[in-house]
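Data first, discussion second: the structure below is written as structure tokens.
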């Protein structure tokens, strides 16, 4: 019996989630990508296949911690409000809604976005 890697399982979860969630012009998708060195957040219009807003740890001047992730969430919310985007569909990309992923969501909510 072969062992399936964690990343492969995460990709399978991502596909299941993306089948149910898609971003539109009115309600774009807020997608989180987590790596060992950083964190990236994008607001995507899936109908056109374009990225409307993006932010990362290097832009938010934060460390790869929960506090840094919260700064990224607040930064992406600020950028969204400048582009008149007030509501998004949150896409956790197969990660658990815990830690940095939850901090991004909390920061975006505190910044003024509605999920």
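In the working numbering, the protein residues as written are 301 to 415.
Just so it is clear, CB atoms sit at the ideal spot from N, CA and C, and this is done for glycine as well.
Would you give the residue range spanned by the alpha helix (DSSP H) that residue 356 belongs to? Taken as a continuous stretch (DSSP letters only), residue 356 belongs to no alpha helix (DSSP H), being part of the beta strand (DSSP E) at 350-356.
Would you call the segment 340-355 in contact with the segment 302-311, where contact means no fewer than 3 C-beta pairs closer than 8 Å? no
Could you name the residues that DSSP lists as bridge partners for residue 329? 344 and 389
Limits of the unbroken alpha helix (DSSP H) element including residue 364: Unbroken run through residue 364: none, as it is neither H nor E.
Just the Cα atoms here: how many angstroms apart are residue 330 and residue 319? 15 Å
How would you write the range of the alpha helix (DSSP H) that residue 317 sits in, first residue to last? 306-320
If you reduce the DSSP assignment to three classes, tell me which class residue 339 lands in. strand
With burial defined as no fewer than 16 other Cβ atoms inside 10 Å of the residue's Cβ, what is the status of residue 323: buried or exposed? buried
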